[in-house]
Amino acid sequence: MSDALNRTEEIVRKAKSLGADEVIAQTTFGRYRQVRFSNNEIDTTVAWNDYATDIALAWKKRVVATKIHNFEGVDAAVKRLMELAKVSKENPMFGGFAKGKFKYASPKADKKLIEIEDPQEYVFEAVEAARKEIGKDIDSGGILFTKFEDVYLASSEGPIGTDSRSAIELSIRAFAEREASGHSVECSSTLKGFKPARAGTKAGEIAKMAKNPKIGEEGVYDVIFDPLIYGSSLGVYGWMVSAFAVLIHMSVFVDKLGKKVAPEIVTLRDNPAEYSMSNRVFDDEGYPTKENVFIDHGVLKGYLHNTSTAKMFKTETTGNAGLVAPSAWNLEMDAGDMSKDELFEETKRGLYLTNTWYTRFQNYAKGDFSTIPRDGIFLVEKGEIKQSLKDLRISDNALAMLGNVAAISKERQHVHWWGEADPPSLSPYVLVKNVHITKSR
Amino acid sequence: MDEDIVDFALKYAEEKKVEYAEARGQSQIQDRLMLRNGILEAYTSAVDSGLCVRVLANGGIGFASTNKWTKEEAKEIVDLAFRYAKASGRKDKIKFEKEKGIETKWVVDQKKKIENISPEERISAFEEINKTLTTCGVKIAATMGSCNIDLISKYFVNSEGSKITSFVPKLGAFFYITVAEEGKTEQAYEQFGYSGGWEAFSQWGVAEKLVHNAKILKDVITKGKAVKAGNMDLVCGPEVTGIAAHESCGHPMEADRIVGREMSQAGRSFIYKGGPYWIGTKIGSKHATIVDDPTIEHSYGYYAYDDEGVKARRRFLYKEGIINEFLHNRESAAKLGTKSNASSRTVNYDREAIVRMANTFVLPGDMTEEELIEDVKYGVFMKSFTEWNIDDKRFNQRYVGREAYLIENGELKHPVARPIIETTTPKFWTAVDAVSKKVEFDAATCGKGDPGQGIPVFTGGPCIRLREVYVK
Chain A
4 MSDALNRTEE
14 IVRKAKSLGA
24 DEVIAQTTFG
34 RYRQVRFSNN
44 EIDTTVAWND
54 YATDIALAWK
64 KRVVATKIHN
74 FEGVDAAVKR
84 LMELAKVSKE
94 NPMFGGFAKG
104 KFKYASPKAD
114 KKLIEIEDPQ
124 EYVFEAVEAA
134 RKEIGKDIDS
144 GGILFTKFED
154 VYLASSEGPI
164 GTDSRSAIEL
174 SIRAFAEREA
184 SGHSVECSST
194 LKGFKPARAG
204 TKAGEIAKMA
214 KNPKIGEEGV
224 YDVIFDPLIY
234 GSSLGVYGWM
244 VSAFAVLIHM
254 SVFVDKLGKK
264 VAPEIVTLRD
274 NPAEYSMSNR
284 VFDDEGYPTK
294 ENVFIDHGVL
304 KGYLHNTSTA
314 KMFKTETTGN
324 AGLVAPSAWN
334 LEMDAGDMSK
344 DELFEETKRG
354 LYLTNTWYTR
364 FQNYAKGDFS
374 TIPRDGIFLV
384 EKGEIKQSLK
394 DLRISDNALA
404 MLGNVAAISK
414 ERQHVHWWGE
424 ADPPSLSPYV
434 LVKNVHITKS
444 R
Chain B
43 MDEDIVDFAL
53 KYAEEKKVEY
63 AEARGQSQIQ
73 DRLMLRNGIL
83 EAYTSAVDSG
93 LCVRVLANGG
103 IGFASTNKWT
113 KEEAKEIVDL
123 AFRYAKASGR
133 KDKIKFEKEK
143 GIETKWVVDQ
153 KKKIENISPE
163 ERISAFEEIN
173 KTLTTCGVKI
183 AATMGSCNID
193 LISKYFVNSE
203 GSKITSFVPK
213 LGAFFYITVA
223 EEGKTEQAYE
233 QFGYSGGWEA
243 FSQWGVAEKL
253 VHNAKILKDV
263 ITKGKAVKAG
273 NMDLVCGPEV
283 TGIAAHESCG
293 HPMEADRIVG
303 REMSQAGRSF
313 IYKGGPYWIG
323 TKIGSKHATI
333 VDDPTIEHSY
343 GYYAYDDEGV
353 KARRRFLYKE
363 GIINEFLHNR
373 ESAAKLGTKS
383 NASSRTVNYD
393 REAIVRMANT
403 FVLPGDMTEE
413 ELIEDVKYGV
423 FMKSFTEWNI
433 DDKRFNQRYV
443 GREAYLIENG
453 ELKHPVARPI
463 IETTTPKFWT
473 AVDAVSKKVE
483 FDAATCGKGD
493 PGQGIPVFTG
503 GPCIRLREVY
513 VK
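Protein chains in written order, with this note's numbering: chain A, 4 to 444; chain B, 43 to 514.
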């Protein structure tokens, strides 16, 4: 057993000896690296070294938490936490931390991502691939991000374990003209099969097609969503299926358990699988993570839970803790039976959207929102891209759009970018009927 | 925080072949509490403390941080930052605009020290708010409230000889409420923020504001009518004026966007060299004067020196409708051949400082709010907003009203349910024909950077009147 796990367990023992009812300590040694680039050149390269232990304890249903660095000041921190618990207020809904001894899957983190030798080279590879599409007028920017975490968790309630988590992401936005851009990403948990050029090529292809855009027209369109932009939608549904979001009515899924919320072709799940950037073997309570189908053939089957929210909903935890709010790790939309090309052929007159940002709701419970597509926006007629467009906005309803999913592609891509397509997801091309599009006047 | 290690890191960096180096230690006492439907979910209290170095070498930038306070670790992060900077391989070498070194200390004072307010008192204050809200006669389906306390100590040193220590206590609160009446729901959020002590809590009038919001939402459900879409006058309350100032003036005037540094995430700007808009170009009416000012005492975006050691001052962004001055850090200033105007900010020791707003607002005029409304034959008074967004070039924006009323012949009539203005930046600011006297501020958390750096700001302004804009 490693020294770090011993020291993490020691924190738990210390808190118990001071009278805590339940304690969890989770130590993370993180190495995070990022290369940022713009105007086809590297702006800055960043390294973050993180040595942190998160400690959460409960005393008479009072839940308190703290963080220490590098195992410094453990005694004082735990003592302070107990004092805080004693003056805090009871949370009658606290259902305890996960209980039991669990066997975890072996982590498959890629140790090469502890420190890659020349991270800048991945950026150059992506930029060159985009340049091949666009030519000498290319302007591009983005990030390369790598993560390697060693995680040690101990709980007074039984769970104890270690995990290693790695990820790599390249995100590139390439411009062929001032208002003609494409954005694409390459995401993985390991270096194996990681191809930054793939992202560069797709960003370049979209940018090239996006040249000479015209201001689009308002109206109701059938819309083909690229995997990247649909990753943003999956992020919205992933948040709304958290039991916490349901409890505070920031969800269209309140009172909809067991009800049909989408057509039969829609199955959505949370699955922190090996390929995923957010691969993990246990959650923040030490409960083993697993695949959770939350929309099964259009029917809302369940919410994502930690132990406390699960008790409130009279069910089992889904391994998505969060101390307070359960959250999705990696969303997946099940593949459909059409190819991407067939999905385009289905579209007599519509739009193809590749990316979006700034999604804001006026009412989460109702689902009314708007978001602003960016990068390639295309008018599709009889399955063909006819015209590049700009300056449009989706102004619609999240539940209605889920209900209007008409076709899903076989092809899927693992996507994540910034806070816009987050958490990571496995996302297909999706055809949604009757999407309301507005523009400035 | 061990200042000796920060000094050591700078000295070690300076021994390398660098054009510029800085080291920053930051220690942040963070208290967070969150209540769901009046029940305290959890109380977290921690000290987040670490240091970072940033070097400019061979025309490239390297940045590294750690929260292990040892000299060995400090050496490791300096070595990493230096190696990264050298490896950038840039053809267009980055330069930083130079400043004179300064040694100073600045603090924000507290009338009621947050440290002296017990956790029980803080929790009780929030429980009371929830109690007031849920007994106000409106059916509240759900509430979420949070309180953030950050006591931020910084120690900044750089290769120009600067040595700046600072202490800023920040107090923030956020509420989200859902009103359910007649089988329908409406939602609203409210944010509060202050640099200073616990005295802010009573000044904010949280309970009154939330009760007001609840009643407004009920009115929207029970009495609100949609407006008939068309061209009409629109009077924006300070909250709407403020968000428009922030989104369609503050953001496009960030010079790092203008030079392309944020192109992949927060985006670029409709303002760019060789484009239709640049310094000196008309963007609005003569009534549109918008400033960004970090020096407003106790504001949420207050600072005396930015995170590159440059003294803060007011910036006139749009001046009488003319594009006047961009927001700059050292890098963008050097790129555009000007001086930094102290717009470089960061949220913690592990984040690179980038160009940010502080407190962005429209300067007042000489009319009263009533005079603005009296001269409207038909229009909408949008006092506050709910959903909003803007494209990444900061040109096409949309604001949806939360509290709004129809104006007929100079008089306020019934509530308008969710009126929308969806228009461009020049159309919005050109339509402004009158501005009221009284400026009000709202706290907000501005998002930018990768990883995201949510930074405290004020948005604000007086009421402004827009003539003949399309409202739906």
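In this text, a Cβ means the ideal position worked out from N, Cα and C, and glycines have one as well.
Is there a Cβ of chain B sitting closer than 9 Å to that of Y361 (chain A), yes or no?
yes
Hey, does T227 (chain B) have any beta-carbon neighbour from chain C nearer than 9 Å?
In the displayed structure, chain C is absent; the protein chains listed are A and B.
Counted within 10 angstroms of its Cβ, other Cβ atoms place P110 (chain A) as buried (16 or more) or exposed
buried
Continuous beta strand (DSSP E) stretch holding R125 (chain B): start and end
Careful: R125 (chain B) lies outside any beta strand (DSSP E), inside the alpha helix (DSSP H) at 113–128.
Could you tell me which residues DSSP pairs with K263 (chain A) in its beta bridges?
Under the DSSP definition of a beta bridge, K263 (chain A) partners with A:V302.
Sort A:H252, A:V264, A:G144 by Cα distance to M305 (chain B) and report the nearest one.
A:G144
Where do the N-terminal and C-terminal ends of the beta strand (DSSP E) with N255 (chain B) fall, by residue?
Unbroken run through N255 (chain B) is the alpha helix (DSSP H), 248–264; no beta strand (DSSP E).
Limits of the beta strand (DSSP E) - the one that T323 (chain B) falls within
It is not in any beta strand (DSSP E) - T323 (chain B) carries neither H nor E in the DSSP assignment.
Report the rounded CA-to-CA distance for R303 (chain B) versus V418 (chain A), giving the unit in angstroms.
23 Å
For Q307 (chain B) and D192 (chain B), which I take to be in contact (beta-carbon distance under 8 Å), what is that distance rounded to the nearest angstrom?
In fact, because the Cβ distance is near 24 Å, the residues do not count as touching under 8 Å.
Quick one: does W111 (chain B) have its CB under 9 Å from some CB of chain A?
yes
Identify every residue that forms a DSSP beta bridge with N383 (chain B).
Under the DSSP definition of a beta bridge, N383 (chain B) lacks any partner.
Would you mind giving the Cβ-Cβ distance between S311 (chain B) and R436 (chain B), rounded to the nearest angstrom? I have them listed as a contact below 8 Å.
6 Å
Contacting residues, own chain, Cβ-Cβ under 8 Å from A200 (chain A) (five flanking each side not counted)
E128, A129, E131, A132
So which of A:F100, A:R176, A:S281 has the shortest CA-CA distance to R39 (chain A)?
A:R176
Going by other Cβ atoms of all chains shown within 10 Å of its Cβ, with 16 needed for buried, is I285 (chain B) buried or exposed?
buried
Identify which residue in B:K469, B:N158, B:Q495 has its Cα closest to the Cα of E510 (chain B).
B:K469
How far does the alpha helix (DSSP H) with S87 (chain B) in it extend, from its first residue to its last?
Segment 81–99 is the beta strand (DSSP E) holding S87 (chain B); no alpha helix (DSSP H) there.
Given S279 (chain A) as reference, the closest of A:L354, A:E189, A:P427 once Cα atoms are compared
A:P427
Where do the ends of the alpha helix (DSSP H) carrying S235 (chain A) lie?
230–243
In chain order, what residues of the same chain have a beta carbon less than 7 Å from the beta carbon of K198 (chain A), not counting five sequence neighbours either side?
Within the same chain, and ignoring the five residues on either side of K198 (chain A) in sequence, the residues whose Cβ sits closer than 7 Å to its Cβ are E189.
Beta-carbon proximity list for G49 (chain A), same chain, < 6 Å, skipping 5 on both sides
Just to set this straight, residue 49 (chain A) is Val in the shown sequence, not Gly. Annotation for V49 (chain A): Q37 place their beta carbon closer than 6 Å to its own, counting only its chain and skipping 5 residues before and after.
Listed by chain order, chain B residues near F372 (chain A) by CB distance under 7 Å
E429
For T318 (chain A), go through chain B and note every residue whose CB falls closer than 7 Å to its CB, in chain order.
Under the 7 Å cutoff, chain B gives no residues; its nearest Cβ is about 19 Å from T318 (chain A).
Sequence ranges, alpha helix (DSSP H) only - wholly within the segment 322–396 of chain A, length at least 4:
Qualifying alpha helix (DSSP H) stretches, in chain order: 343–348.
Could you tell me whether any Cβ in chain B is nearer than 9 Å to the Cβ of D287 (chain A)?
no
Where are the alpha helix (DSSP H) runs, 4 residues long or more, that stay fully inside the segment 395–476 of chain B, in chain order?
Those alpha helix (DSSP H) runs which fall completely within the segment 395–476 of chain B and span 4+ residues are 411–416, 467–472.
Count the other CB atoms, across all protein chains shown, that sit within 10 Å of the CB of P95 (chain A); report buried if there are 16 or more and exposed otherwise.
exposed
Hey, would you say E373 (chain B) sits closer than 9 Å to I103 (chain B), going by beta carbons?
yes
Chain B contact residues for P230 (chain A), given Cβ-Cβ distances below 8 Å
Result: empty, since nearest Cβ-Cβ is about 18 Å, beyond 8 Å.
Which residue from B:C94, B:A476, B:R66, B:V277 puts its Cα closest to that of K205 (chain B)?
B:R66
Let me know the secondary structure DSSP gives G370 (chain B) once reduced to three states.
One detail in the question is off: residue 370 (chain B) reads as His in this sequence, not Gly. DSSP places H370 (chain B) in coil when its eight states are reduced to three.
Please state if the CB of R440 (chain B) and the CB of D475 (chain B) are separated by a distance shorter than 9 Å.
no
Should the segment 386–394 of chain A be regarded as contacting the segment 341–360 of chain A, the criterion being three or more beta carbon pairs within less than 8 Å?
Per the Cβ contact rule, the segment 386–394 of chain A is in contact with the segment 341–360 of chain A (3 or more Cβ pairs under 8 Å).
Give a yes or no on contact between the segment 169–183 of chain B and the segment 249–259 of chain B, applying the rule of three or more CB pairs nearer than 8 Å.
Judged by Cβ distances under 8 Å, the segment 169–183 of chain B makes contact with the segment 249–259 of chain B, as three or more pairs qualify.
For the beta strand (DSSP E) containing M76 (chain B), name the first residue and the last one.
62–78
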